[in-house]
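Counting in the working numbering, the sequence shown runs from 1025 upward without gaps. Heads up, the beta-carbon is just placed ideally off N, CA and C, and yes, glycines get one too.
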Amino acid sequence: MRLVSDPRYGEVDLSASAEELTLLASVVVQGEGLLGSTLSPGDNGLAGVEVKGTSGPGVLIHRDAERQILVISGDSAGRAVLAENLRDLASAEDGGHLHIDYFPGHFYLAEGSLPLVVNSPHGGMPGR
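See below:
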């Protein structure tokens, strides 16, 4: 898994194999875990992603600048929706990417969430 923080756009770009995305989805559902990145921390690379179960409401995605990791925290209902989206992307064989962006009234993301772009393990845009 590769996690790159893009300060210009204020988002994090995540690239992973189908197996890594499926594992991340499982950790998100469980609400506890730390997965490492293949990139070394520094420059714009992040060391990994940590998942924490909280009472919410919703899911907050943020960057822990001191530890150089992406943190996903939130209630079980919101984490379940995020996990389903990750699993769907992992199993979609036609490529693409997923933008996970907060907007007012978002049904599972909490205000203050960092935008996250999750790239398909099967390449760029779908061929449909």
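Distance between beta carbons of residue j and residue i, contact taken as under 8 Å
i: Gly1055; j: Leu1027; result: Not quite, the Cβ-Cβ distance comes to about 19 Å (not below 8 Å), so this is no contact.
i: Val1051; j: Leu1059; result: 6 Å
i: Leu1110; j: Leu1070; result: Contact doesn't hold; Cβ gap of about 17 Å is too wide.
i: Gly1057; j: Val1075; result: 5 Å
i: Ile1085; j: Leu1140; result: 6 Å
CB contact flag (residue i, residue j, <8 Å)
i: Val1105; j: Tyr1132; result: yes
i: Gly1098; j: Ala1049; result: no
i: Asn1068; j: Pro1031; result: yes
i: Gly1119; j: Gly1147; result: yes
From the options, residue whose alpha carbon lies closest to that of residue i
i: Glu1035; options: Gly1147, His1146, Pro1145, Ser1137; result: Ser1137
i: Leu1113; options: Pro1145, Ala1101, Asp1125; result: Pro1145
i: Ser1041; options: Ile1124, His1130, Ala1116; result: Ala1116
i: Tyr1126; options: Gly1102, Glu1108, Arg1091, Asp1088; result: Gly1102
i: Thr1062; options: Gly1077, Ala1089, Leu1038, Val1142; result: Leu1038
i: His1123; options: Val1142, Asp1030, Arg1087, Glu1043; result: Val1142
i: Glu1043; options: Pro1031, Ser1029, Met1025, Thr1078; result: Met1025
i: Ser1029; options: His1130, Ala1089, Gly1119, Pro1128; result: Ala1089
i: Pro1130; options: Glu1108, Pro1081, Tyr1033; result: What sits at residue 1130 in the sequence shown is His, not Pro. Cα-wise, what sits closest to His1130 is Pro1081.
i: Ser1079; options: Ser1100, Arg1091, Ala1107; result: Ser1100
Would you mind listing the beta strand (DSSP E) stretches within the stretch 1054 to 1097 that are 3+ residues and don't spill past its ends, in chain order? 1056 to 1060, 1072 to 1077, 1083 to 1088
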